[in-house]
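Only one structure is covered here, and it is reproduced in the block below.
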Amino acid sequence: MSTFVVQTSHLTKRYGDHIAVKDLSLNVEKGEVFGFLGHNGAGKTTTIHMLTTLLKPTSGTALVCGKSITTDSLEARRHIGYVPENVRLYDTMSARSNLRFFAKLSGVEDADRRIDETLEFLDCRDLAPRLVGSFSKGLRQRIGLAQAILHRPDVLFLDEPTSGLDPMGIKTLRDLIVRLNREFRTTIFMNTHLISEISRTCTSIGVLNQGELVFRDTIEKVTARYGSESSLEELYLSVTPVQTQGAA
Amino acid sequence: MVTAHSTSRIGLLTGHSLAALMRERTVALLGLLFLILVIVSAYLGWSATSTVNAIYLRSAEYMSAQGQTLPPNPVLDTSPLALLRNMATYVSLIGALAAIVIGHQLMSAERKAGTMPLLGSRPMRPADLGIAKSLALIVAIAALVIFAALINTATFLALPEFRLDAIGWLKLAAFYGASGLYLLVFGFLGLWFGASAKSETVGLLIPVTIWLTLTFVLPQITSNINPVAALNPVSALAEPPASAFFQITGWALGSLSLAEAYRIISAQLLDFLPANYIDRAAIPAAVSLFVAALGFAGLAARAIGRMDMTKGDYDA
C-alpha cells in the first residue's frame, strides 16, 4: 500500500489565461513535515485550496490519503485538517462553542472531552470560555489550529501559519507543529515564504515558482548539499529566477 | 443519498444558523415589529367593527322609539374574519421585508464571519449547507407565522362577539399557510442574493428592489392600483378599468404580480373579496405563489452550492 498521504499528478489550475498552478506532480509521505516554499502569488495557496477540496482543479488529479479530491471529496475531507492564513471563527461565540460546532461537524463523538484534550495539548485550556472576538492574532491562530486537529486528521494543511505573528508567537506555533507531527504522527503540509520556517520545522521541501514545481528534496539532503540557512536562501533564490530578476 | 451523518450535520448547521440569526438585532427588531403590527391589526379590526356596531345599536334604539323599521346590522353581514383584513397589508409590507432580511442574514452572517473555508473543508456534501440554510429559513418564518396565528387566535377567543365556526377556523389556518408561503418567497429571495451577491449591500438592495416592484409597480401595471391604494387592503382589490391595456397586462403579468396574488388569496380566505372581483391572471394566485417560492428556493440552493468556499469574506 502507498505511504503517500498527498499525491498529485499534473495538477493544474487556470483562471482564464492565467495559470495559477501548472502541471504539479508531487508526493508527500506519511509523517512528513512538508514545507511548500514560494514567493507571494507563486500558487501555494491555490494548491492548498485544491488539496483541501475548496477549489476544483482545471485538470490533473490529486489524492489525499488515497481519496480523490474531485470524485471522492467527501471521503478526502475526513482525513484533512485545514488552517487558513487568516483564521476566521465565530467572534460572538466562545472558543469552546466554536470548537464544539466544528468538532460535531467533523463527526467527533464526545466533542467536549476531545476539546479539553486538544486545548490541553495546545496549552491554552484557559481560552475555552472566552469570546473569540477578543483574541489576538496569535490566540486566534491557536484556536484555528485546535479546530483543525479536533478530529485527528491524517494530514494538516497550514497556509502561512506564522504570518503576522510576533517572534514569540512564531516560536510557540512552530513548536506545536513539531509536537503535533511527533505525537500524533500527523503529516503536515505547510505553505510558507520564510526560509527560517522551513529549516527549523520541515523534513522536506518543495519550491513553487510561477505555478511550477522547480525543486523538491528532503531537508537532510538539502542541508548536506548546501549547508547553512543562508545557503538554503541562495538555493531558493537560484530556483526562482524570474522573481529575482524582477526584484533586481 | 442522505445518510444519518449527513442528516445530523444538516441539523447541526440549521440549529447553528438559527442561533446566529437570533443574535442579529435587525432581525429581532423586524420580527418584533411584525408581531406588534399583528396585534395592532387585530385591535384595528375589532375597534372598527365595534364602532359600527355601537353606532348601529344607538340608531336602532332611536329608530325603535320612532316606530321605524330597523335595517339589518351591517356587522352581522360581515364575516368576523374580515376584522383581520389589515393583516394582508402588514404581511405584504413589513412581513415580506422581515423575510428578506432573515434570508439575507442567514448567508451574509456566515460570509461576514469568514468561516466558509472552515465549513468547506469539513466532510459535508455540497448540498448540506443549502439544505440547512433553507431549513433555518423555513423554521424562522414558521415561528413568525405561528406567533402571529396564536395572537389572532387569542384575539378571537377573547372577543365572544366575533365567534368563528369550524369553517372560519379552517380559513384562518389557511390564511396563515398562504402568508407563510408568501413570506417564504421573499425569504428565499433574500437567501439567494445573500449567497450570490458580491457585496452585503447589493445582496440586500436587489431583493428589496424586487419587493418594491412586486408590491407597488406591478399591481399598478396589471390592475391600475396606485402605490397608496396598495396599502389599503380593500381598495387594492377594486376592479381595474376595463380597457384593453389592463385586460392584456392583467392576463400576461398578473401571475408575476405576487403581492396582488397574495391579496386575492387573503381576501378570499378572510372574506373581504368584493363579490364582483375577477382575477384576470393566466395562472391561479395560489399556483403563482407556490411556483415563485419553489423557484426562488431552487435559485438559492444553486447559489449556495456554487459559492466560492475559498473566500473568507465578501471582499477577501
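Chain order of the listed sequences is A and B. Just so you know, we're using the working numbering here: the first sequence kicks off at -2 and counts up by one. Just so you know, we're using the working numbering here: the second sequence kicks off at 173 and counts up by one. Think of the CB as a built atom: it goes at the ideal place given N, C-alpha and C, for glycine as much as any other residue. Predicted model, so just to flag it, every value in this text is computed and none were measured.
Please decide whether residue i counts as near chain B, where near means a Cβ-Cβ distance under 9 Å.
i	result
residue 228 of chain A	no
residue 218 of chain A	no
residue 103 of chain A	yes
residue 98 of chain A	yes
residue 11 of chain A	no
residue 245 of chain A	Because residue 245 of chain A sits at a pLDDT of 33, beneath the cut-off of 50, its placement in the model cannot be relied upon, and the following sentence gives the value as read from the coordinates. For residue 245 of chain A, the answer is no, since every Cβ of chain B falls outside 9 Å of its Cβ.
residue 157 of chain A	no
residue 46 of chain A	yes
residue 89 of chain A	yes
residue 35 of chain A	no
residue 81 of chain A	yes
residue 77 of chain A	yes
residue 241 of chain A	Caution is warranted here: a pLDDT of 46 is assigned to residue 241 of chain A, below 50, making its placement in the model unreliable, and no coordinate value can be reported.
residue 207 of chain A	no
residue 4 of chain A	no
At what residues does the beta strand (DSSP E) containing residue i begin and finish?
i	result
residue 187 of chain A	184 to 189
residue 7 of chain A	1 to 12
residue 202 of chain A	201 to 206
residue 209 of chain A	209 to 215
residue 17 of chain A	15 to 26
residue 51 of chain A	It is not in any beta strand (DSSP E) - residue 51 of chain A carries neither H nor E in the DSSP assignment.
residue 155 of chain A	152 to 156
residue 33 of chain A	30 to 34
Kindly indicate which residue of the options has the alpha-carbon position closest to the one of residue i.
i	options	result
residue 138 of chain A	A:122, A:81 and A:175	A:81
residue 259 of chain B	B:351, B:187 and B:335	B:351
residue 257 of chain B	B:248, B:212 and B:461	B:212
residue 297 of chain B	A:50, A:158, A:90 and A:0	A:50
residue 89 of chain A	A:186, A:127 and A:71	A:127
residue 246 of chain B	B:220, B:239, B:207 and B:261	B:220
residue 255 of chain B	B:291, B:215 and B:264	B:215
residue 142 of chain A	A:118, A:130, A:195 and A:91	A:118
On the DSSP letters alone, give me the boundaries of the alpha helix (DSSP H) that residue i sits inside.
i	result
residue 394 of chain B	390 to 395
residue 282 of chain B	268 to 285
residue 181 of chain A	164 to 181
residue 247 of chain B	246 to 249
residue 98 of chain A	92 to 102
residue 78 of chain A	Where residue 78 of chain A is concerned, there is no enclosing alpha helix (DSSP H), although the beta strand (DSSP E) it sits in stretches over 77 to 80.
residue 481 of chain B	From DSSP, residue 481 of chain B is part of no alpha helix (DSSP H); its letter is neither H nor E.
Using beta carbons (cut-off 9 Å, strictly below), is residue i in contact with chain A?
i	result
residue 293 of chain B	yes
residue 184 of chain B	yes
residue 192 of chain B	yes
residue 249 of chain B	no
residue 290 of chain B	yes
residue 474 of chain B	no
residue 180 of chain B	yes
residue 478 of chain B	no
residue 451 of chain B	no
residue 337 of chain B	no
residue 485 of chain B	yes
Who are the neighbours of residue i on chain A, taking C-beta pairs under 7 Å?
i	result
residue 481 of chain B	51
residue 177 of chain B	104
residue 195 of chain B	89
Which residues in chain A sit within 8 Å of residue i, going by Cβ to Cβ distance?
i	result
residue 198 of chain B	Neighbours of residue 198 of chain B on chain A: none; closest Cβ ~14 Å, over 8 Å.
Which residues in chain B sit within 8 Å of residue i, going by Cβ to Cβ distance?
i	result
residue 110 of chain A	Per Cβ cutoff of 8 Å: no residues; residue 110 of chain A is ~18 Å from chain B at best.
Answer yes or no: the CB of residue i versus the heavy atoms of the ligand SAM, is any distance below 8 Å?
i	result
residue 450 of chain B	With respect to the ligand SAM, the structure offers nothing, as it holds no ligand at all.
Identify the contact partners of residue i in chain B, using a Cβ-Cβ distance below 7 Å as the criterion.
i	result
residue 74 of chain A	293, 294 and 295
residue 71 of chain A	295 and 297
Give the residues of chain A in contact with residue i, contact being defined as C-beta atoms less than 9 Å apart.
i	result
residue 285 of chain B	85, 86, 87, 88 and 89
residue 276 of chain B	What residue 276 of chain B touches in chain A: nothing, since even the nearest Cβ is about 18 Å away.
Using a C-beta to C-beta distance shorter than 9 Å, which residues of chain B count as neighbours of residue i?
i	result
residue 144 of chain A	290
Hey, is the stretch 51 to 58 of chain A in contact with the stretch -2 to 9 of chain A, meaning 3+ C-beta pairs nearer than 8 Å? yes
I'd like to know if the stretch 228 to 237 of chain B and the stretch 273 to 293 of chain B are in contact, where contact means that at least 3 CB-CB pairs between them fall below 8 Å. Segments in contact, no.
Is it the case that the stretch 268 to 278 of chain B contacts the stretch 379 to 387 of chain B, given that we only count it when at least three CB pairs across the two stretches are under 8 Å? Touching, yes, given that three or more Cβ pairs across the two stretches are closer than 8 Å.
Under 8 Å: do the stretch 160 to 177 of chain A and the stretch 90 to 108 of chain A share three or more Cβ pairs, one atom per stretch? no
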